[in-house]
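Residue numbers (the UniProt record's numbering), protein chains in the order written: chain A, 1 to 287; chain B, 1 to 133. Heads up, the beta-carbon is just placed ideally off N, CA and C, and yes, glycines get one too. Owing to the predicted nature of the structure, the values given are computational and were not obtained by experimental measurement. Working notes, beginning with the structure itself.
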């Protein structure tokens, strides 16, 4: 099965581990991701001002280009890309005025027929967690994992239609299929502070400390996420938190695809495990 | 009961905010659910509930609140509002009015180099889109 794939800006630079591990693990599950022949930045944020059509153009062009490929789907793994592509697609499908304006601008005739999908959905619906359980040659038994969804994957529920907006479980189902132990904790859909890392670092640090502490208090040994910005905020700030709070306990923050790749026995050097600030290898290589 | 605002400036501001956001701020009944769940509440000068009230009153001071720049559009307020108001869109309207007049809080030159070289690209594009004119 081949599906068109949109990596997005960060996956070709700062989050190569997410890109490689997504392609690698899905390939091991029989799904080949074929990168769109031409793509641009998706715009990262969905414009919340009603009159800001220009903020939707980039995503609309990516969707219109994906419609020229076979398959009717577009896979993207970064939470921001997934959020903006899915919401712009929703607008094009349901708002005739927006559709007309965007099509006029792009000189296209795109009506929202592409279905943006997330690799977590592919794992659940196209592959099946039972198949993943059988294919996971390397058991992650005993590893305690907290799943972090953040904000963009699950909200707003009416448009994202991803999972339960307050208590999603799709990542936990995957972790269970891989044989690892799921850690329940209260902060899995609270925001890490996102782009505020550029503007108000103190806010992000407080959010990150809160999220990490709530996971480690429940016994988590690793956190997984699908968002390169969540990953960065949760990972990069740990050293600074430790400097201010000597009792702080560090915890590796990985992409869920890296855990999946490990379980599927992909070559470790292809997973980008060496690119994290808190090194997950001491925990995972022996896991 | 619809609220009647006495000053022309207030009426114009409310209309502008309604036009940009597509939301009706008068639906807010001040329950505070938005403030309770807000990601940035501890760093805000006025909580989302209070921002909503100022919008209802057409008070232009809301445009100068620090809170509107602290909002990270995580949509938790929007998801939980019992009146179905997309509060994130109202916050965006206040930012957009500022930004379209050239007022911004995220200035590229002021971002520390260490941060600039390490953040993922998506933080820069999203940050500039939300906080820079």
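Would you kindly work out how many angstroms separate the C-alpha atoms of residue i and residue j, rounded to a whole number?
{"i": "residue 91 (chain B)", "j": "residue 79 (chain B)", "result": "14 Å"}
{"i": "residue 112 (chain B)", "j": "residue 271 (chain A)", "result": "30 Å"}
{"i": "residue 199 (chain A)", "j": "residue 64 (chain B)", "result": "16 Å"}
{"i": "residue 206 (chain A)", "j": "residue 103 (chain A)", "result": "43 Å"}
{"i": "residue 192 (chain A)", "j": "residue 209 (chain A)", "result": "9 Å"}
{"i": "residue 257 (chain A)", "j": "residue 56 (chain B)", "result": "46 Å"}
{"i": "residue 132 (chain A)", "j": "residue 110 (chain B)", "result": "47 Å"}
{"i": "residue 129 (chain A)", "j": "residue 109 (chain A)", "result": "37 Å"}
{"i": "residue 267 (chain A)", "j": "residue 145 (chain A)", "result": "21 Å"}
{"i": "residue 203 (chain A)", "j": "residue 259 (chain A)", "result": "29 Å"}
{"i": "residue 13 (chain A)", "j": "residue 120 (chain B)", "result": "8 Å"}
{"i": "residue 16 (chain B)", "j": "residue 101 (chain B)", "result": "14 Å"}
{"i": "residue 69 (chain A)", "j": "residue 4 (chain A)", "result": "7 Å"}
{"i": "residue 123 (chain B)", "j": "residue 10 (chain B)", "result": "35 Å"}
{"i": "residue 290 (chain A)", "j": "residue 188 (chain A)", "result": "Because residue 290 (chain A) is not part of the residues shown, which for chain A are 1 to 287, the question remains open."}
{"i": "residue 49 (chain B)", "j": "residue 21 (chain B)", "result": "17 Å"}
{"i": "residue 31 (chain B)", "j": "residue 81 (chain A)", "result": "33 Å"}
{"i": "residue 147 (chain A)", "j": "residue 264 (chain A)", "result": "19 Å"}
{"i": "residue 141 (chain A)", "j": "residue 39 (chain A)", "result": "40 Å"}
{"i": "residue 71 (chain B)", "j": "residue 184 (chain A)", "result": "27 Å"}
{"i": "residue 25 (chain A)", "j": "residue 18 (chain A)", "result": "10 Å"}
{"i": "residue 219 (chain A)", "j": "residue 251 (chain A)", "result": "11 Å"}
Kindly indicate if chain B contains any beta-carbon less than 8 Å away from that of residue i.
{"i": "residue 116 (chain A)", "result": "no"}
{"i": "residue 234 (chain A)", "result": "no"}
{"i": "residue 88 (chain A)", "result": "no"}
{"i": "residue 195 (chain A)", "result": "yes"}
{"i": "residue 123 (chain A)", "result": "no"}
{"i": "residue 191 (chain A)", "result": "yes"}
{"i": "residue 15 (chain A)", "result": "yes"}
{"i": "residue 7 (chain A)", "result": "no"}
{"i": "residue 96 (chain A)", "result": "no"}
{"i": "residue 157 (chain A)", "result": "yes"}
{"i": "residue 229 (chain A)", "result": "yes"}
{"i": "residue 147 (chain A)", "result": "no"}
{"i": "residue 225 (chain A)", "result": "no"}
Starting from the beta carbon of residue i, find every residue of chain A whose beta carbon is closer than 8 Å, and list them in chain order.
{"i": "residue 105 (chain B)", "result": "199"}
Name, please, each residue of chain B whose Cβ falls closer than 7 Å to the Cβ of residue i.
{"i": "residue 275 (chain A)", "result": "Per Cβ cutoff of 7 Å: no residues; residue 275 (chain A) is ~11 Å from chain B at best."}
{"i": "residue 206 (chain A)", "result": "42"}
{"i": "residue 10 (chain A)", "result": "120, 121, 122"}
Using the beta-carbon of each residue, which ones in chain B are nearer than 8 Å to residue i?
{"i": "residue 39 (chain A)", "result": "Result: empty, since nearest Cβ-Cβ is about 14 Å, beyond 8 Å."}
{"i": "residue 80 (chain A)", "result": "122, 126"}
Which residues in chain A have a C-beta closer than 7 Å to the C-beta of residue i? List them in chain order.
{"i": "residue 82 (chain B)", "result": "Correct list: empty, because the minimum Cβ distance to chain A is about 14 Å."}
{"i": "residue 111 (chain B)", "result": "198"}
{"i": "residue 118 (chain B)", "result": "236"}
{"i": "residue 79 (chain B)", "result": "155, 156, 157, 165"}
Which chain A residues are close to residue i, counting only those with a beta carbon under 9 Å from its beta carbon?
{"i": "residue 89 (chain B)", "result": "48, 49, 50"}
{"i": "residue 68 (chain B)", "result": "None at all; the shortest Cβ gap to chain A is about 12 Å."}
{"i": "residue 129 (chain B)", "result": "43, 44, 45, 47, 55, 195"}
{"i": "residue 12 (chain B)", "result": "What residue 12 (chain B) touches in chain A: nothing, since even the nearest Cβ is about 16 Å away."}
Quickly, what does DSSP pair residue i with across the bridge? List them, please.
{"i": "residue 147 (chain A)", "result": "A:224"}
{"i": "residue 255 (chain A)", "result": "A:225"}
{"i": "residue 34 (chain A)", "result": "A:4"}
{"i": "residue 74 (chain A)", "result": "A:116"}
Can you find a CB in chain A that lies within less than 8 Å of the CB of residue i?
{"i": "residue 121 (chain B)", "result": "yes"}
{"i": "residue 20 (chain B)", "result": "yes"}
{"i": "residue 115 (chain B)", "result": "yes"}
{"i": "residue 76 (chain B)", "result": "yes"}
{"i": "residue 96 (chain B)", "result": "yes"}
{"i": "residue 93 (chain B)", "result": "yes"}
{"i": "residue 60 (chain B)", "result": "no"}
My output table needs one value for residue i: the three-state DSSP class, helix, strand or coil.
{"i": "residue 184 (chain A)", "result": "coil"}
{"i": "residue 44 (chain A)", "result": "coil"}
{"i": "residue 22 (chain A)", "result": "helix"}
{"i": "residue 141 (chain A)", "result": "coil"}
{"i": "residue 117 (chain B)", "result": "helix"}
{"i": "residue 178 (chain A)", "result": "coil"}
{"i": "residue 66 (chain B)", "result": "coil"}
{"i": "residue 125 (chain A)", "result": "helix"}
{"i": "residue 218 (chain A)", "result": "coil"}
{"i": "residue 107 (chain B)", "result": "coil"}
{"i": "residue 191 (chain A)", "result": "coil"}
{"i": "residue 10 (chain B)", "result": "helix"}
{"i": "residue 23 (chain B)", "result": "coil"}
Using a Cβ-Cβ cut-off of 8 Å, state whether residue i counts as contacting chain C.
{"i": "residue 72 (chain B)", "result": "Looking at the structure shown, chain C is missing, and the protein chains on hand are A and B."}
Beta carbon of residue i: closer than 7 Å to some heavy atom of the ligand PLP?
{"i": "residue 203 (chain A)", "result": "Absent from the structure shown: the ligand PLP. Ligands present: none."}
Going along chain B, which residues have a C-beta under 9 Å from residue i?
{"i": "residue 203 (chain A)", "result": "39, 40, 42, 43, 70, 72"}
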